[in-house]
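For the protein sequence lines, the chains are P and F, in the order given.
Taking numbering that gives the first Met the number 0, I'd label the letters of the first sequence as residues 0 to 144.
Taking numbering that gives the first Met the number 0, I'd label the letters of the second sequence as residues 0 to 516.
Right, one structure below, let's go through it.
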Amino acid sequence: MPRRDFLGLASVWAAAAASVLSLVGMLRLPRAAVLASPSKKFRVSLPESLPEGAPYIPPGRSVALFRDAKGVYAVSLVCTHLGCILKPAGDGFDCPCHGSRFAADGSVLKGPAPRPLPWFKVSGTGGNYVVDEDVMVSSGTKAAA
Amino acid sequence: MSTATPSRPALQRFLDNLKAVPQQFRASAIRGGMPRTDRTRSTFVFGNVFLHLHAVRTHRWSLRWSTTWGLGITAMAAFLITLVTGILLMFYYKPYPEVAYLSIKDIHFVVPTGRFMRNLHRWAANVMVVAVILHMARAFYTAAYRAPREFNWLIGMALLVTTLGLSFTGYLLPWDQLAFWAITIGANIAQSPREVTDALGITEYFDPGGLQKLILLGSDQVGEEALIRFYLLHVMILPLVLAALAAVHFWRIRKDGGLVKPADADRRLGPPPPDTYPVFTEAPARTYHLAAIVRGKTPAVGIGPEQTVPSMPHLLYAEAGVFMLTTFLCLALSLVSDAPLKELANPNVPENPAKAPWYFLGLQELVSFSAFMGGIGIPTIVLLGLGLIPYLDREEEGTGQWFGGPGGLPLVLASVIVGLGAAVGVEAIAIRFGWLREWFPNIPQLVITAINPGTVLTVIYGTYSTWLVKRYNSTRAGALGLFTCFLCGFILLTVIGTYFRGPNWNFYWSPADWPHH
Numbered sequence: 000m001p002r003r004d005f006l007g008l009a010s011v012w013a014a015a016a017a018s019v020l021s022l023v024g025m026l027r028l029p030r031a032a033v034l035a036s037p038s039k040k041f042r043v044s045l046p047e048s049l050p051e052g053a054p055y056i057p058p059g060r061s062v063a064l065f066r067d068a069k070g071v072y073a074v075s076l077v078c079t080h081l082g083c084i085l086k087p088a089g090d091g092f093d094c095p096c097h098g099s100r101f102a103a104d105g106s107v108l109k110g111p112a113p114r115p116l117p118w119f120k121v122s123g124t125g126g127n128y129v130v131d132e133d134v135m136v137s138s139g140t141k142a143a144a
Numbered sequence: 000m001s002t003a004t005p006s007r008p009a010l011q012r013f014l015d016n017l018k019a020v021p022q023q024f025r026a027s028a029i030r031g032g033m034p035r036t037d038r039t040r041s042t043f044v045f046g047n048v049f050l051h052l053h054a055v056r057t058h059r060w061s062l063r064w065s066t067t068w069g070l071g072i073t074a075m076a077a078f079l080i081t082l083v084t085g086i087l088l089m090f091y092y093k094p095y096p097e098v099a100y101l102s103i104k105d106i107h108f109v110v111p112t113g114r115f116m117r118n119l120h121r122w123a124a125n126v127m128v129v130a131v132i133l134h135m136a137r138a139f140y141t142a143a144y145r146a147p148r149e150f151n152w153l154i155g156m157a158l159l160v161t162t163l164g165l166s167f168t169g170y171l172l173p174w175d176q177l178a179f180w181a182i183t184i185g186a187n188i189a190q191s192p193r194e195v196t197d198a199l200g201i202t203e204y205f206d207p208g209g210l211q212k213l214i215l216l217g218s219d220q221v222g223e224e225a226l227i228r229f230y231l232l233h234v235m236i237l238p239l240v241l242a243a244l245a246a247v248h249f250w251r252i253r254k255d256g257g258l259v260k261p262a263d264a265d266r267r268l269g270p271p272p273p274d275t276y277p278v279f280t281e282a283p284a285r286t287y288h289l290a291a292i293v294r295g296k297t298p299a300v301g302i303g304p305e306q307t308v309p310s311m312p313h314l315l316y317a318e319a320g321v322f323m324l325t326t327f328l329c330l331a332l333s334l335v336s337d338a339p340l341k342e343l344a345n346p347n348v349p350e351n352p353a354k355a356p357w358y359f360l361g362l363q364e365l366v367s368f369s370a371f372m373g374g375i376g377i378p379t380i381v382l383l384g385l386g387l388i389p390y391l392d393r394e395e396e397g398t399g400q401w402f403g404g405p406g407g408l409p410l411v412l413a414s415v416i417v418g419l420g421a422a423v424g425v426e427a428i429a430i431r432f433g434w435l436r437e438w439f440p441n442i443p444q445l446v447i448t449a450i451n452p453g454t455v456l457t458v459i460y461g462t463y464s465t466w467l468v469k470r471y472n473s474t475r476a477g478a479l480g481l482f483t484c485f486l487c488g489f490i491l492l493t494v495i496g497t498y499f500r501g502p503n504w505n506f507y508w509s510p511a512d513w514p515h516h
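Here it is, written out as structure tokens:
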């Protein structure tokens, strides 16, 4: 290959590589490193009168807390289909957006939801608990009441 | 010798020049003068940066109403209306949660002409979506995508996607309940590849869905970051993309030889009516120069070269007419119907039913069976199929004719019945009897992702189209069937999503049957 061609091709490829790299660099910017969403950790006190198996939904949160003989647990109320907020209905939860239905333990009964509802980590004792929506635990994990 | 002394005093010349300013200004702006002769009509078009997207002369076939129904110009006119009204709305709109909602309320109730401008913006956007879809159908049914226009068909598809993107991003800006939940659903559709990666258990290592949602929203939920991103896309990025693509699209029409026309267009048209003015204003008195001679054995005086007439006035006036009709339509709709504004967005209580803009409700209907297939899988298949059509159909029969090609209109009508029938059948089964999960509660998610009403419908349409290719021994016949089926399926699903889905996305014959909450 003549030197002139080699130098020409080399500069074309160098320019292309530089463009691609700068594009990758630019695309890094919109991928947020810190999420602007409000804190996922919150305190909650369960009402004394909460019956076993009935959900308690803290105001402004999309989490249902339950208390039974084995302990306290928190189930997400964000539909695993397309992120709508579930409503308690009968013995489970209904999704208003596309008709998915979940049992109280989060398993899918009906509709397009692809996954069961995740359970969140609950810590604390007595009537006061801390729920961390960033930490999922396997279904069935309950904090001592 | 010194330079010649001016005959008149400088002050006199100054006054003369001052008097001549208007005339001189006009002459400097429009070089050719008024478009009254063939030459000045030509310079009028090619001497203007905007008009020179047109050829100087236009084929008479392109000017027939039934060639295009003016749909491309309608889409462009609607875009220009959204551009102007959008800029006006930006005077008052503030892209921050809650403040955004209040600013839209201000625009609606306080800003002079604000409500009207917002209505116009919204209606023009709707007209644009309809026009773009119809324009694509026109290009398809007249086989305008065939060589040499394959690439322009792809540009057109990019324009369709950009148009839908503009509508989708604009939907969030009012920050009301409708906006918030439609975009929440949309963003989670972007995340829906997780439906597959989760089922395979590889989301931890490979999560394209999560990345798409993160980049779209700038967070894990719709909030201030999402609003500013959608605003940026809506008022800056996508309009620029659309303008660039549109420029290429128009330019390519010229470079690809004008609008598509049948091979025998000249014979079909016959000579122009005797009162057509002007074909040529300057009779070639001295000699027949090249431009006055059309194809054929004898020079035909009075017929433009290759059946063309001057673009100014014929084409430009027609375009202006379509532009005015579009404006009139948008104005009328804006006077009759106000753009909706619901309550302030509440991230804890979904709108029920939460519906996207109408042209996405067909997709939402599919999404209600499988988020990934309905929202990403099938749209990708459709776009791939549309993009491949011009490269697979290399036939020549029927180019430039409505429903041209083997099978023709009867095939299209049969495909309408197949397309609607299959969609009604599959939907009826899903609505009446439920789907796989109701029948087999423990069925793996991947099976539902693979087999759901959307994919079943796609397979039916694909099989029918393959059969057509064999039956007529023609790719074009298969394409006609497939395009018609998908168009009918799209329309039917959109109608079901719009009119027959109520709270919890349950089926209702009428909104009057919806339960009260």
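Note that beta-carbon positions come from the ideal geometry of N, C-alpha and C, so glycine has one too.
Check your understanding: Does the distance from the C-beta atom of F/A198 to that of P/H80 stay below 9 Å?
Key -> As a first step, residue 198 of chain F is located in the second sequence; it is residue number 199 there, counting from the start. As a first step, residue 80 of chain P is located in the first sequence; it is residue number 81 there, counting from the start. Cβ atoms of F/A198 and P/H80: not closer than 9 Å.
Check your understanding: For the stretch 22-51 of chain P, which residues have a CB atom closer than 7 Å to at least one CB atom of chain F, in sequence order?
Key -> Within the stretch 22-51 of chain P, the residues whose Cβ lies closer than 7 Å to some Cβ of chain F are P29, R30, A31, L34, A35 and S36, listed in chain order.
Check your understanding: Hey, is F/N151's beta-carbon within less than 9 Å of any beta-carbon in chain P?
Key -> Counted from its first residue, the second sequence places residue 151 of chain F at position 152. Answer no: the Cβ-Cβ gap between F/N151 and chain P never drops below 9 Å.
Review point. Run through DSSP, which three-state label would P/F65 get?
Key: As a first step, residue 65 of chain P is located in the first sequence; it is residue number 66 there, counting from the start. Here DSSP, grouped into helix, strand and coil, assigns P/F65 to strand.
Point to revise | Proximal residues, the stretch 77-91 of chain P versus chain F, C-beta separation under 8 Å | key: H80, L81, G82, C83 and I84
Check your understanding: Along the chain, where does the alpha helix (DSSP H) that runs through F/E194 open and close?
Key -> The residue given as residue 194 of chain F occupies position 195 in the second sequence. Per DSSP, F/E194 belongs to the alpha helix (DSSP H) from P192 to L199.
Practice item. Enumerate in chain order the residues of its own chain whose CB-to-CB distance from F/H248 is below 7 Å, with the five nearest sequence positions on each side excluded. Key: By 1-based counting over the second sequence, the position of residue 248 of chain F is 249. Apart from sequence neighbours up to five positions away, the residues of its chain that approach F/H248 with a beta-carbon distance below 7 Å are N151, I154, G155 and L158, ordered along the chain.
Check your understanding: Quick one: Cα of F/F432 to Cα of F/K260, how far?
Key -> For the purposes of this step, residue 432 of chain F is taken as the residue at position 433 of the second sequence. For the purposes of this step, residue 260 of chain F is taken as the residue at position 261 of the second sequence. Taking the straight line joining both Cα atoms gives about 49 Å.
**Study point:** Secondary structure of P/D93, DSSP reduced to three states
**Key:** Here residue 93 of chain P corresponds to residue number 94 of the first sequence, with the count starting at 1. Three-state result, P/D93: strand.
**Study point:** Contact set for F/S6: own chain, Cβ-Cβ below 7 Å, skip 5 residues either direction
**Key:** Locating residue 6 of chain F in the second sequence gives position 7, counting from the first residue. So no residue of the chain qualifies.
Check your understanding: Is P/L76 near the ligand MG, judged by its Cβ being under 8 Å from some heavy atom?
Key -> As far as ligands go, the structure on display features none, and thus does not contain the ligand MG.
Check your understanding: Using DSSP with H/G/I as helix, E/B as strand and the rest coil, what is F/G386?
Key -> To locate residue 386 of chain F, count along the second sequence from 1; it is residue 387. In the structure shown, F/G386 sits in a helix (DSSP, three-state: H, G or I).
Check your understanding: CB-CB under 7 Å to F/G453, same chain, minus the five flanking residues each way: which ones, in chain order?
Key -> Here the question's residue 453 of chain F lines up with position 454 in the second sequence. Cβ neighbours of F/G453 beyond the five flanking positions: L365, F368, S369, M372, G373 and I377.
Check your understanding: When the Cα atoms are used, what is the spatial distance from F/P283 to F/V308?
Key -> Here residue 283 of chain F refers to the residue found at position 284 when the second sequence is read from its first residue. Here residue 308 of chain F refers to the residue found at position 309 when the second sequence is read from its first residue. Note on F/P283: pLDDT 49, under 50, position unreliable in the model; no value is reported.
Practice item. Inspect the beta-carbon positions of F/A225 and F/A186 and report whether they are closer than 9 Å. Key: To locate residue 225 of chain F, count along the second sequence from 1; it is residue 226. To locate residue 186 of chain F, count along the second sequence from 1; it is residue 187. Their beta carbons are under 9 Å apart, which means F/A225 touches F/A186 by this criterion.
**Study point:** Sequence-distant residues of the same chain with beta carbon closer than 7 Å to P/C83, five excluded per side
**Key:** Stepping through the first sequence from its first residue, residue 83 of chain P is reached at position 84. The residues are C94, P95 and C96.
Practice item. Output the distance between the C-alpha atoms of P/D4 and P/A14, rounded to the nearest integer angstrom. Key: Translated into positions along the first sequence, residue 4 of chain P becomes position 5. Translated into positions along the first sequence, residue 14 of chain P becomes position 15. If I take the Cα positions, the gap works out to 15 Å.
Practice item. Could you spell out where the beta strand (DSSP E) holding P/W118 opens and where it closes? Key: The count along the first sequence starts at 1 and reaches residue 118 of chain P at position 119. W118 to S122 is the span of the beta strand (DSSP E), which, as asked, contains P/W118.
Practice item. Give the residues of chain F in contact with P/S61, contact being defined as C-beta atoms less than 7 Å apart. Key: Translated into positions along the first sequence, residue 61 of chain P becomes position 62. Within chain F, the residues near P/S61 are N347.
Review point. What first and last residue would you give for the beta strand (DSSP E) that runs through P/D131?
Key: The residue you call residue 131 of chain P lines up with position 132 of the first sequence. Run containing P/D131: N127 to V136, per the beta strand (DSSP E) assignment.
Exercise for review: For the beta strand (DSSP E) holding P/L108, just list the boundary residues, first then last.
Suggested key: Mapped onto the first sequence, residue 108 of chain P falls at position 109. Note, P/L108: beta strand (DSSP E), V107 to K109.
Review point. Would F/D197 count as contacting chain P if we go by Cβ distances under 9 Å?
Key: Taking the first residue of the second sequence as position 1, residue 197 of chain F is located at position 198. By this cut-off, F/D197 is an interface position.
Exercise for review: Work out the CA separation of F/P352 and F/T325 for me, nearest whole Å.
Suggested key: Position 326 of the second sequence, counted from the start, is the residue given in the question as residue 325 of chain F. Position 353 of the second sequence, counted from the start, is the residue given in the question as residue 352 of chain F. Straight-line Cα distance between these residues: approximately 32 Å.
Check your understanding: Do you know offhand how far F/I184's Cα is from F/R121's?
Key -> The sequence position of residue 184 of chain F within the second sequence is 185, counting from 1. The sequence position of residue 121 of chain F within the second sequence is 122, counting from 1. Answer to the nearest angstrom: the Cα atoms are 21 Å apart.
Exercise for review: Can you tell me which of the three DSSP states P/Y55 falls into?
Suggested key: Translated into the one-based positions of the first sequence, residue 55 of chain P becomes position 56. Here P/Y55 sits in strand by DSSP.
Review point. Pick from P/K39, P/A35 and P/C78: whose alpha carbon is nearest that of P/V129?
Key: Translated into positions along the first sequence, residue 129 of chain P becomes position 130. Checked all of P/K39, P/A35 and P/C78; the closest Cα to P/V129 is P/K39.
**Study point:** Cβ contact (3+ pairs, closer than 8 Å) linking the stretch 473-491 of chain F and the stretch 404-420 of chain F
**Key:** yes
Practice item. Buried or exposed for F/T81, please, with buried defined as at least 16 other CB atoms from any protein chain shown within 10 angstroms of its CB. Key: Stepping through the second sequence from its first residue, residue 81 of chain F is reached at position 82. Classification of F/T81: buried, given that the 10 Å Cβ count is 16 or more.
Review point. Any contact of the stretch 324-341 of chain F with the stretch 107-123 of chain F, i.e. 3+ C-beta pairs under 8 Å?
Key: Two segments are said to touch when three or more pairs of C-beta atoms, one from each, lie closer than 8 Å; by this definition the stretch 324-341 of chain F touches the stretch 107-123 of chain F.
Check your understanding: Looking at C-alpha atoms only, which residue of F/G256, F/I430, F/H313 and F/Q220 is the closest neighbour of F/D37?
Key -> The residue labelled residue 37 of chain F in the question sits at position 38 within the second sequence. Out of F/G256, F/I430, F/H313 and F/Q220, F/H313 has the C-alpha closest to the C-alpha of F/D37.
Practice item. Could you pull out every residue in the same chain whose Cβ sits closer than 8 Å to the Cβ of F/N99, ignoring the five residues on either side in sequence? Key: Numbered from 1 along the second sequence, position 100 holds the residue referred to as residue 99 of chain F. Checking the sequence, you will find Ala at residue 99 of chain F rather than Asn. Closer than 8 Å at the Cβ level, and outside the excluded window around F/A99, lie Y92, K93, L172, P173, W174 and L226.
Point to revise | Exposed unless 16 or more other CB atoms sit within 10 angstroms - verdict on F/L101 | key: For the purposes of this step, residue 101 of chain F is identified with residue 102 of the second sequence, where counting begins at 1. F/L101 should be labelled exposed.
Point to revise | Min CB distance F/V366 to chain P below 9 Å | key: As a first step, residue 366 of chain F must be located in the second sequence, where it is residue number 367. When Cβ-Cβ separations below 9 Å define contact, F/V366 makes contact with chain P.
**Study point:** Residue interval of the beta strand (DSSP E) (run including F/P309)
**Key:** Counted from its first residue, the second sequence places residue 309 of chain F at position 310. Where F/P309 is concerned, the enclosing beta strand (DSSP E) stretches over T307 to P309.
Review point. Which of helix, strand or coil does DSSP assign to F/G404?
Key: Translated into the one-based positions of the second sequence, residue 404 of chain F becomes position 405. Three-state DSSP puts F/G404 in coil, outside helix and strand.
Review point. Out of curiosity, what's the CA-to-CA distance linking F/F229 and F/Y358?
Key: Here the question's residue 229 of chain F lines up with position 230 in the second sequence. Here the question's residue 358 of chain F lines up with position 359 in the second sequence. The straight-line gap from Cα to Cα measures roughly 19 Å.
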